[in-house]
Amino acid sequence: MQNYKNFLSEILIDEETLQARIVEVAAEINRDYADVQEPLVLICILRGGMVFLVDLMRHLNVLHQIDFMAISSYGRGTRESHGNIRLTLDLQSDIRDKHILLVEDIIDSGNTISYVLEFLQTRQPKSLKVCALLDKQERREAVVPIHYRGFAIPNKYVFGYGLDLDEYYRNLPFIGVVDLEKYQPPG
Ligand code: IMP
Ligand code: MG
Numbered sequence: 057m058q059n060y061k062n063f064l065s066e067i068l069i070d071e072e073t074l075q076a077r078i079v080e081v082a083a084e085i086n087r088d089y090a091d092v093q094e095p096l097v098l099i100c101i102l103r104g105g106m107v108f109l110v111d112l113m114r115h116l117n118v119l120h121q122i123d124f125m126a127i128s129s130y131g132r133g134t135r136e137s138h139g140n141i142r143l144t145l146d147l148q149s150d151i152r153d154k155h156i157l158l159v160e161d162i163i164d165s166g167n168t169i170s171y172v173l174e175f176l177q178t179r180q181p182k183s184l185k186v187c188a189l190l191d192k193q194e195r196r197e198a199v200v201p202i203h204y205r206g207f208a209i210p211n212k213y214v215f216g217y218g219l220d221l222d223e224y225y226r227n228l229p230f231i232g233v234v235d236l237e238k239y240q241p242p243g
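Taking the working numbering, the leading residue of the sequence shown gets 57, the next gets one more, and so forth.
1) Within its chain, find whatever has a CB closer than 6 Å to the CB of I209; leave out the 5 residues flanking it on each side and keep chain order.
2) Could you tell me whether the Cβ atoms of S165 and E194 are closer together than 8 Å?
3) Please work out which residues of its chain come closer than 8 Å, Cβ to Cβ, to E66, disregarding the five sequence neighbours upstream and downstream, and give them in chain order.
4) With a CB to CB cut of under 7 Å and the five nearest residues on each side skipped, what residues in its chain are close to D161?
5) Distance check for L176 and T144, CA to CA, integer angstroms please.
6) Could you tell me the distance, in whole angstroms, from the CA atom of R179 to the CA atom of I169?
7) So, helix, strand or coil for Q121, using DSSP?
8) Give a single yes or no on whether F215 has its beta carbon closer than 7 Å to a heavy atom of the ligand IMP.
9) Check whether the Cβ atoms of L98 and V172 lie closer than 8 Å to each other.
10) Quick check on this structure: which residue in E94, Q240, K238 and P229 has the alpha carbon closest to the alpha carbon of Q75?
11) Taking DSSP as the reference, what is the three-state secondary structure of D235?
12) Going by Cα to Cα distance, which pick from I101, L119, I122 and H155 is closest to I141?
13) Nearest CA to the CA of D222: which residue from R77, V199 and G243?
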């Protein structure tokens, strides 16, 4: 495996900045859901949002459950999601009449999250909101509400902190930008 330092063009968001912002986002959620009586369920779309979910929930003081779902998308290239999105792992719990907060790593075109929102809405949750760590606004194709947003980022391919490069490097504690000319996919 290539050492990430060989293709890291810049650290876009360092660990300290990430963690400080996550505390702020958690505080917003704590405030907004403080008086909510019905259960809150954080739904993480595997696998990218996993690291963010774990750090975020450690700063929440509102009672909540977590659940997971996974989807796959097929399209023009592996670095873009287009059209054909399909559910590959369904939730374990029934979300009817519950307050749902979708926790996502990044919203790019917005196609994935709009598919997921439409799908979850059919199950009649009490409320449905979106919390995204990163927002690549420039690439948006679908209109999506982002109720809690960590950072707006430029149109660059990023990795680390849950986001992968060919399924690797999710463990890095920062958000880095890939130099695609230097990066060699594994295998
Ligand atoms: P969208 O459907 O175009 O909004 O894409 C959302 C999904 O694409 C995210 O959940 C990520 O899994 C993936 N993605 C988009 N941009 C990046 C990136 O810069 N790095 C890693 N994954 C990304
Ligand atoms: Mg993802």
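We put the beta carbon where it would ideally sit given N, CA and C, even for glycine. Keep in mind it's a predicted model, so treat the numbers as computed, not measured.
Taking the geometry as given:
1) L190 and K192
2) no
3) G232 and V233
4) G104, G105, F108, L189, L190, G218 and L219
5) Rounded to whole angstroms, T144 to L176 spans 14 Å at the Cα level.
6) 16 Å
7) strand
8) yes
9) no
10) P229
11) coil
12) I101
13) Minimum Cα distance to D222 is reached at G243.
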